[in-house]
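Protein chains in written order, with UniProt numbering: chain A, 1 to 143; chain B, 1 to 143.
From the three backbone atoms N, C-alpha and C, an ideal C-beta is built for every residue, glycine too.
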DNA sequence: GTAGACCTTGACCCCGGCGTCAAGGCCAGG
DNA sequence: CCTGGCCTTGACGCCGGGGTCAAGGTCTAC
């Protein structure tokens, strides 16, 4: 199949597939006229990548899984390298959750304190405002 | 004081201060020769910004706090707009923590499953005796 | 008078993961 | 033959929060 069909079947875009190819993550064969050509196996690899990415894995982290599948294993996580990525990700998630929890505590404390301080000053009502979209991207040990 | 001194006292860089000014977050007066000039009040504002940023607030989110301080309030969170930011941040943090927790569960489950699958293969493939390192002889990269 | 430490503006670079043109090739249907 | 829909490569944009030059102005100390 060609790039457009693969993109559609995987629920992504052609731009994304070209990008993955540029990373060497999902190379494509070529037909006579230079068009990229993919098969069902490529669809599986791509699905593996997209699934992991939905979990918040970076593209580079999906590479062991893809290599694992390509080397003939039944699942992308059948190889030690993939398990290692799982473990690293777990540690990363734990640390991230702990950090966010600590911040949550401190912000919560600040809010209560500030609300109390205001209550003492005056009992004016605050106007409720619109609520923009909260966004959360799981960032690794970002420094 | 000039920009270098303020930066040093606040533990940041001159580049950062110029950046904040470009955002209109921390404007500076100018002396005759064009140098930026700051006072102790600016240091307080800057400290408020840096503190919130360390909590993971985006720069734009610190604006209400800075405005609050500048309008003469004793603390940056003495104004309703700041409290609103606190509340939004709490909700954001809660949602983020919950999402990460859910992912953590799923990744953990996957790891256990994959480890068990591998253990079955190992015991099936390796004869009785010592159990060496769970090392898989997969062709590294390049295939 | 000159070194050197400070200051100014402007401009490009970084990170990941693509979105979005732009200019042009290839192929099928009417 | 033309249109339209796919495909190709290349290149710039974006997001946040600055880092890091570059080229030059200003002030102080010796």
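Cβ-based burial, residue i [other Cβ within 10 Å; buried from 16]
i	result
residue 22/A	exposed
residue 64/A	buried
residue 137/B	Note on residue 137/B: pLDDT 24, under 50, position unreliable in the model; the coordinate value appears next. By the 10 Å Cβ count, residue 137/B comes out exposed.
residue 7/A	buried
residue 29/B	exposed
residue 78/A	buried
Straight-line Cα distance separating residue j from residue i
i	j	result
residue 147/A	residue 66/A	This structure cannot settle anything about residue 147/A, because the visible part of chain A is limited to 1 through 143.
residue 44/A	residue 26/A	11 Å
residue 52/B	residue 100/A	14 Å
residue 81/A	residue 108/B	16 Å
residue 114/B	residue 117/A	53 Å
residue 12/B	residue 5/B	10 Å
residue 93/A	residue 54/A	14 Å
residue 120/A	residue 58/B	29 Å
residue 9/A	residue 74/A	21 Å
residue 87/B	residue 106/B	29 Å
residue 31/A	residue 72/A	24 Å
residue 42/A	residue 70/A	9 Å
residue 95/B	residue 24/A	35 Å
residue 83/A	residue 40/B	54 Å
C-beta neighbour in chain A for residue i, strict 7 Å
i	result
residue 68/B	no
residue 10/B	no
residue 107/B	yes
residue 77/B	yes
residue 100/B	yes
residue 138/B	Low per-residue confidence applies at residue 138/B: pLDDT is 23, beneath 50, and the placement is therefore not dependable, though the value from the model is reported in the following sentence. So yes, residue 138/B belongs to the interface.
residue 49/B	no
residue 45/B	no
C-beta contact flag for residue i and residue j at 7 Å
i	j	result
residue 103/A	residue 97/B	no
residue 3/B	residue 14/B	yes
residue 76/A	residue 68/A	yes
residue 60/B	residue 85/B	no
residue 38/A	residue 1/A	yes
7 Å Cβ cutoff, residue i in contact with chain B
i	result
residue 130/A	Legend: pLDDT at residue 130/A = 30, less than 50; position of this residue unreliable, value from coordinates given subsequently. Answer no: the Cβ-Cβ gap between residue 130/A and chain B never drops below 7 Å.
residue 111/A	yes
residue 26/A	no
residue 86/A	yes
residue 91/A	no
residue 55/A	yes
residue 29/A	no
residue 116/A	no
residue 104/A	yes
CB-CB length for residue i against residue j, believed under 8 Å
i	j	result
residue 90/A	residue 111/B	7 Å
residue 49/B	residue 20/B	7 Å
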